[in-house]
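One structure is given below, encoded as structure tokens.
Protein chains in written order, with this note's numbering: chain A, 9 to 229; chain B, 9 to 229.
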């Protein structure tokens, strides 16, 4: 079991991941700029789980300080500033970026054209951290509304630190009931992050909560 | 049934798609710069199918001229020149781009950072065509080695011309046995094309031929 800080845990994706991680027995700290809001969100999640669970709220830097694993579930807007401010505390930790740099206009969502992904930006700004890109694609509401394994979806994991990537591939089973899929080096986050725009388009078109599965991998390792 | 030209039909992805389209009863013309190579490839496919089938080879412009639907299955290198040269013949046709702008180095494949996708480039260079981005993700060898529906994978389809997009969503059933998934506007090709880099990484890591499935869409329309 890990001590997991979810930065941006008051937002939908962060809330969903924090819920699932706490439900699985991990020690979870919701991080926010506002410790009061973080504590409120932690209480909401604890109440949903009902049984004895280890979830609390704290200001971001304090949430990070106590964690082995940090999940960045923050908006793209303000991402660089936030990571820079936390960088001294992220060193030596496994940092999971599920940030999606998207934009929206009258034609729906689309991926921003960037020289580096959010995950690569986080790695550049916090060079002592082991940044892994993952958990971009499971819908926030699917996480929040499901308490069993979301076994028909896959969690794709990319990163340059093999040990940290392995930790995240294992953590993926908390959500799907099966190990995450190794999607390659950290730079592949450029492909994983904006794929979320496709899923949001599909959700609107088909009135559903879509997800991604990778075929041909089951039973291989 | 459509008259389909497969430009780049002598390459693996084009060969696979040409095979499956001919197998389903469409009239297929393999296009190449070299009509002789195109004809050889058409004969290879006809021999594999065995029964009476309507597949032939021609020089690119001639292949396009006779077609209702044109599949661009060409390398990214040289893409702009090729599309420009064919543009006068592409007007009024449904043009399917399955081009993947990837690069490879010691760390494997990755998506190129581009201002526009290959599909958008084709649309810009052939403004009278109805360009649709699709068929990026089914592995060339899966297409070639399978004669039944590849029902565990999905074909994602993006485009701005709704009628052409509908044609391609229907054609997707030729490969998977089910209608393709509407992934949104043509600009979403920026997300679909480089996702192939993720799949190639997964193939190498897991020694498999991976594919993409979108969950939560079955039974919705």
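Glycine included, C-beta positions come from ideal geometry on N, C-alpha and C.
Just so you know, these numbers come straight off a predicted model, no measurement behind them.
Beta-carbon proximity check, residue i vs residue j, cutoff 8 Å
| i | j | result |
| --- | --- | --- |
| residue 102/B | residue 74/B | no |
| residue 188/B | residue 177/B | yes |
| residue 117/B | residue 197/B | no |
| residue 202/B | residue 109/B | yes |
| residue 230/A | residue 147/B | Missing from the structure shown is residue 230/A; chain A here goes from 9 to 229 and no further. |
| residue 43/A | residue 19/A | no |
| residue 53/A | residue 23/A | yes |
| residue 90/B | residue 72/B | no |
| residue 228/B | residue 215/A | yes |
| residue 184/A | residue 219/B | no |
| residue 217/B | residue 164/B | no |
| residue 17/B | residue 46/B | yes |
| residue 86/B | residue 199/A | no |
| residue 5/A | residue 129/A | With chain A running from 9 to 229 in the structure shown, residue 5/A is simply not present. |
| residue 57/A | residue 32/A | no |
Residue i to residue j span [Cα, whole Å]
| i | j | result |
| --- | --- | --- |
| residue 138/A | residue 121/B | 24 Å |
| residue 34/B | residue 133/B | 27 Å |
| residue 155/B | residue 60/B | 16 Å |
| residue 114/B | residue 210/B | 16 Å |
| residue 13/A | residue 76/A | 8 Å |
| residue 161/B | residue 144/A | 20 Å |
| residue 168/B | residue 174/B | 11 Å |
| residue 195/B | residue 124/B | 8 Å |
| residue 208/A | residue 186/B | 21 Å |
| residue 135/B | residue 99/B | 7 Å |
| residue 70/A | residue 11/A | 13 Å |
| residue 107/B | residue 81/B | 6 Å |
| residue 152/A | residue 151/B | 38 Å |
| residue 50/A | residue 96/A | 25 Å |
| residue 190/A | residue 170/A | 10 Å |
| residue 21/B | residue 48/B | 16 Å |
| residue 226/A | residue 39/B | 37 Å |
| residue 9/A | residue 111/A | 36 Å |
| residue 92/B | residue 142/A | 39 Å |
Given residue i as reference, the closest of the options once Cα atoms are compared
| i | options | result |
| --- | --- | --- |
| residue 25/A | 181/A, 202/A and 225/A | 181/A |
| residue 79/B | 68/B, 23/B, 85/B and 15/B | 15/B |
| residue 140/B | 148/B, 149/B and 127/B | 127/B |
| residue 41/B | 29/B, 135/B and 68/B | 68/B |
| residue 166/A | 152/A, 158/A and 131/A | 131/A |
| residue 158/A | 9/A, 98/A and 28/A | 28/A |
| residue 104/A | 32/A, 179/A and 30/A | 179/A |
Proximity test, residue i beta-carbon vs the ligand NAP heavy atom, cut-off 7 Å
| i | result |
| --- | --- |
| residue 169/B | Inclusion of the ligand NAP in the displayed structure is not the case, the ligand content being empty and no account of it being possible. |
(message) Tell me which residues of the segment 137-148 of chain A have at least one Cβ-Cβ distance to chain B shorter than 9 Å, keeping chain order.
(response) Taking 9 Å as the Cβ-Cβ cut-off against chain B, the residues of the segment 137-148 of chain A that qualify are 147.
(request) May I ask you to list, following chain order, the residues of the segment 172-203 of chain B that have a beta carbon less than 8 Å from some beta carbon of chain A? (result) Under the 8 Å Cβ criterion, the segment 172-203 of chain B contributes 189, 190, 191, 192, 193, 195, 196, 198, 199, 200, 202 and 203.
(message) Under 7 Å, CB to CB, which of the residues in the segment 55-88 of chain A have a partner in chain B?
(response) Those would be none; no residue qualifies.
(request) Go through the segment 58-110 of chain B residue by residue and report every complete run of the alpha helix (DSSP H) that reaches 4 residues or more, in order. (result) Segments of the alpha helix (DSSP H) lying fully in the segment 58-110 of chain B: 68-73 and 87-98.
(request) Could you name the residues of the segment 204-215 of chain A whose beta carbon sits closer than 9 Å to any beta carbon of chain B, in the order they occur along the chain? (result) For the segment 204-215 of chain A, the set of residues with a beta-carbon nearer than 9 Å to any beta-carbon of chain B comprises 204, 205, 206, 207, 208, 209, 210, 211, 212, 213, 214 and 215, in chain order.
(message) Give the list of continuous alpha helix (DSSP H) stretches no shorter than 4 residues that lie fully inside the segment 156-194 of chain B.
(response) Fully enclosed alpha helix (DSSP H) runs of 4 or longer: 170-184.
(request) Could you please tell me which residues of the segment 113-137 of chain B, in chain order, have their CB closer than 7 Å to any CB of chain A? (result) For the segment 113-137 of chain B, the set of positions with a beta-carbon nearer than 7 Å to some beta-carbon of chain A reads 115, 116, 118, 119, 121 and 123 in chain order.
(request) Enumerate, from N- to C-terminal direction, the unbroken beta strand (DSSP E) stretches of 3 or more residues contained entirely within the segment 121-149 of chain B. (result) Considered as a whole, the segment 121-149 of chain B harbours 138-142 as its complete beta strand (DSSP E) runs of no fewer than 3 residues, in chain order.
(message) Under 7 Å, CB to CB, which of the residues in the segment 150-162 of chain B have a partner in chain A?
(response) Cβ contacts with chain A come from 160 and 161.
(message) Residues of the segment 215-226 of chain B in Cβ contact with chain A at a cutoff of 7 Å, in chain order, please.
(response) So the list reads 215, 216, 217, 218, 219, 220, 221, 222, 223, 224 and 225, given in the order they occur along the chain.
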